[in-house]
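Participant: Converting from the sequence shown to this note's numbering requires adding 112 to each position, the first position being numbered 1.
Dropping the structure in here first, questions after.
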Amino acid sequence: MQQLAAGYQGLEPYAVQAGAGRGRRLHDEPPSPTRTPWQRDRDRVVHSSGFRRLQYKTQVFINHEGDFFRTRLTHSLEVAQGARSMARHLRLDEDLTEAVALAHDLGHTPFGHAGEDALAAQMQPWGGFDHNAQALRQVMVLERHYIGFDGLNLTWETLEGLAKHNGPVRRPSARLAEINALFDLDLGTYASAEAQVAALADDIAYHGHDLDDGVKSGLLSLADLDDVPLVGQALAQARALASDLPASDPRTHQRIRHEMVRRVINVLMTDVMACTRQRLRDLAPRSVEDIRAAAAPVVAFSDSLAEANKGIRKFLFARLYRHWRVNRMTYKARQVTAELFRVLTESPTLLPGEWQQQIPPGDDEALRRIVADYVASMTDRYAMQEHRRLTDLSVAG
113 MQQLAAGYQG
123 LEPYAVQAGA
133 GRGRRLHDEP
143 PSPTRTPWQR
153 DRDRVVHSSG
163 FRRLQYKTQV
173 FINHEGDFFR
183 TRLTHSLEVA
193 QGARSMARHL
203 RLDEDLTEAV
213 ALAHDLGHTP
223 FGHAGEDALA
233 AQMQPWGGFD
243 HNAQALRQVM
253 VLERHYIGFD
263 GLNLTWETLE
273 GLAKHNGPVR
283 RPSARLAEIN
293 ALFDLDLGTY
303 ASAEAQVAAL
313 ADDIAYHGHD
323 LDDGVKSGLL
333 SLADLDDVPL
343 VGQALAQARA
353 LASDLPASDP
363 RTHQRIRHEM
373 VRRVINVLMT
383 DVMACTRQRL
393 RDLAPRSVED
403 IRAAAAPVVA
413 FSDSLAEANK
423 GIRKFLFARL
433 YRHWRVNRMT
443 YKARQVTAEL
453 FRVLTESPTL
463 LPGEWQQQIP
473 PGDDEALRRI
483 VADYVASMTD
493 RYAMQEHRRL
503 TDLSVAG
């Protein structure tokens, strides 16, 4: 580990340091002789069952609507790429940043937020459901790869990043409070700068690729984007660059779209890094604990770009996420998710055997939590298939 630590001497003092982490507190394991703790966490996430299932989970468009739209997996990879680039520039630990970025969506249900909303409504009397707490449950309990323990036994720093990458959690959900009682994540403070970078990379990635997928799907046109903050300017620049290309060629339209998205992402990432450097100079932190104890996040957009980012989000909600075609799929996805939950809680003997075995006799809340875990673990296509198996007499069980 001394050789590994030597390679990290270029990190800033307020970065998380490989030799000073809080360790794997649930289950004691000897350190790896070839990897830092966060390289090991990243590798465990990449090899997890939950990570593989993200390949067939909705980002905006449900899996069967097209193979070329983003999924939760491709989204997570784009987040990790952007986060790692920013962490390198800011001289933070790239591996911890990447581990948090890759794991941040592991708790998502099939059908994106539509599935989450349906499960949250069904679980409301029993501690609720939210994807952030479910991501922690996935890596702490539901992954079963190791002989000696359940979960991935990730480090405190990676779990902290999953719990509060969006900031301190002053009023945790019942489920997150339960997890925190088991493994104190110091919810009232900010997470490390590495986790904060992962959170901003998430915003940047989904705005970029949702604009791209929205136009590619035909639900948005390039003309719709002319007045969107930041996006309209990037689009005008892309059109100017393409002025010598044949306007009637579909490939020109494609090149303009890609150039626009590339420019939007570049402006947002450049702004985050410049603003973060200034905030770090103002705070002058000497350790990661100074980052955690700060009164505000150190990783942030400038005021002007924060407003532009809000404008992009507002536009996407109104014109893409609430488009009537998306609304129809959202409605059906909620119905399927809610009905799966109701059928399986009313008749738990319909669950696969390995899930039935986990239900304590007579514990109604535990039954519902296990059904929620099962439904949340499904991919889009598996959820649709399971729904047909359970509700359609013409489909074999």
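For each residue, glycine too, the CB sits at the ideal point set by N, CA and C.
#1: Should Asp415 be labelled buried (16 or more other beta-carbon atoms within 10 Å of its own) or exposed?
#2: Cβ atoms of Leu231 and Ala127: under 7 Å apart, would you say?
#3: Report buried or exposed for Leu274, applying the criterion of at least 16 other Cβ atoms within 10 angstroms of its Cβ.
#4: Report buried or exposed for Trp436, applying the criterion of at least 16 other Cβ atoms within 10 angstroms of its Cβ.
#5: According to the neighbour-count rule (16 or more other Cβ atoms, all chains shown, within 10 Å of its Cβ), is Asn439 buried or exposed?
#6: May I ask you to list the residues that DSSP assigns as paired with Thr183?
#7: Ala418 to Leu479, Cα distance in whole Å?
#8: Quick one, are the C-beta atoms of Gly194 and Ala317 less than 7 Å apart?
#9: Please give me, in chain order, every unbroken run of the alpha helix (DSSP H) with length at least 4 that falls completely inside the stretch 192–270.
#10: Just tell me which of Ser197, Ala396, Leu353 has its CA closest to the CA of Asp314.
#11: Does the pairing of the stretch 369–388 with the stretch 345–361 give three or more beta-carbon distances under 8 Å?
#12: Which whole-angstrom value is the C-beta distance of Ala452 and Val487, which I expect to be below 8 Å?
#13: Could you check which residue in Glu206, Ala412, Val158 has the C-alpha nearest to that of Thr382?
#14: Taking Asp140 as the reference, give the member of Lys169, Ala408, Gly219, Leu266 with the closest Cα.
#15: What are the start and end residues of the alpha helix (DSSP H) that includes His370?
#16: Taking the continuous alpha helix (DSSP H) assigned at His319, which residues delimit it?
#17: Among the candidates Glu498, Arg152, Ala450, whose CA atom is the shortest distance from the CA of Trp268?
#18: In whole angstroms, give me the CA-to-CA distance for Gly162 and Leu254.
#19: Here's the rule I'm using: 16 or more other beta-carbon atoms within 10 Å means buried, otherwise exposed. How should Tyr302 be labelled?
#20: Taking all protein chains shown into account, decide if Gln497 is buried (16 or more other Cβ within 10 angstroms of its Cβ) or exposed.
#21: Could you check the C-alpha separation between Gly344 and Leu337 for me, to the nearest Å?
#22: Whole angstroms is fine: what's the gap from Asp322's alpha carbon to Gly474's?
#23: For a quick check, are the C-beta atoms of Ser285 and Gly240 less than 7 Å apart?
#24: Could you work out which residue in Leu264, Glu401, Ile291, Thr221 is closest to Gly133 when comparing CA atoms only?
Facilitator: This is what the structure gives:
#1: Here residue 415 is taken as the residue at index 303 of the sequence shown, counted from 1. Residue environment for Asp415: exposed (fewer than 16 other C-beta atoms within 10 angstroms of its C-beta).
#2: For the purposes of this step, residue 127 is taken as the residue at position 15 of the sequence shown. For the purposes of this step, residue 231 is taken as the residue at position 119 of the sequence shown. Their beta carbons are not under 7 Å apart, which means Ala127 does not touch Leu231 by this criterion.
#3: As a first step, residue 274 must be located in the sequence shown, where it is residue number 162. Around the beta carbon of Leu274, 16 or more other beta carbons sit within 10 angstroms, so the residue counts as buried.
#4: Residue numbering aside, residue 436 sits at position 324 when the sequence shown is read from its first letter. Burial call: exposed.
#5: By one-based count along the sequence shown, residue 439 stands at place 327. Looking at its Cβ environment, which holds fewer than 16 other Cβ atoms inside 10 Å, Asn439 is exposed.
#6: Within the sequence shown, numbered from 1, the residue matching residue 183 stands at position 71. In the DSSP output, where bridge partners are listed per residue, Thr183 has Thr170.
#7: Position 306 of the sequence shown holds residue 418. Position 367 of the sequence shown holds residue 479. Their Cα atoms are separated by approximately 43 Å.
#8: By 1-based counting over the sequence shown, the position of residue 194 is 82. By 1-based counting over the sequence shown, the position of residue 317 is 205. Contact: yes.
#9: Here the runs fully enclosed are 206–215, 224–235, 243–249.
#10: Within the sequence shown, numbered from 1, the residue matching residue 314 stands at position 202. The candidate whose alpha carbon is nearest that of Asp314 is Ser197.
#11: Counting C-beta pairs with one atom in each stretch, the stretch 369–388 and the stretch 345–361 have three or more that are closer than 8 Å, which means they touch.
#12: As a working mapping, residue 452 is identified with position 340 in the sequence shown. As a working mapping, residue 487 is identified with position 375 in the sequence shown. For the record, residue 452 in the displayed sequence is Leu; it is not Ala. Under the criterion of beta carbons closer than 8 Å, Leu452 and Val487 qualify as touching, at roughly 5 Å.
#13: Position 270 of the sequence shown, counted from the start, is the residue given in the question as residue 382. Answer by Cα proximity: Ala412.
#14: What you label residue 140 is simply residue 28 of the sequence shown in a count that begins at 1. Selection Lys169, Ala408, Gly219, Leu266 evaluated against Asp140 yields Leu266 as nearest (Cα-Cα).
#15: As a position in the sequence shown, residue 370 is number 258, starting the count at 1. Here the alpha helix (DSSP H) through His370 covers 362–395.
#16: Working through the sequence shown from its first residue, we reach residue 319 at position 207. Note, His319: alpha helix (DSSP H), 305–329.
#17: The sequence position of residue 268 within the sequence shown is 156, counting from 1. Of Glu498, Arg152, Ala450, the residue nearest in Cα terms is Arg152.
#18: For the purposes of this step, residue 162 is taken as residue 50 along the sequence shown, with counting starting at 1. For the purposes of this step, residue 254 is taken as residue 142 along the sequence shown, with counting starting at 1. Their Cα atoms are separated by approximately 9 Å.
#19: Along the sequence shown, one-based indexing puts residue 302 at 190. Sixteen is the threshold: when 16 or more other Cβ atoms of the shown chains lie within 10 Å of the Cβ of Tyr302, as they do, the residue is buried.
#20: Residue mapping note: residue 497 aligns to position 385 of the sequence shown, counting from 1. Result: exposed.
#21: Here the question's residue 344 lines up with position 232 in the sequence shown. Here the question's residue 337 lines up with position 225 in the sequence shown. Roughly 6 Å separates the two Cα atoms.
#22: Locating residue 322 in the sequence shown gives position 210, where the first residue counts as 1. Locating residue 474 in the sequence shown gives position 362, where the first residue counts as 1. If you take the alpha carbons of Asp322 and Gly474, they lie about 45 Å apart.
#23: As a first step, residue 285 must be located in the sequence shown, where it is residue number 173. As a first step, residue 240 must be located in the sequence shown, where it is residue number 128. Yes, the Cβ-Cβ distance between Ser285 and Gly240 is below 7 Å.
#24: Taking the first residue of the sequence shown as 1, we reach residue 133 at position 21. For the residues Leu264, Glu401, Ile291, Thr221, the minimum Cα distance to Gly133 belongs to Glu401.
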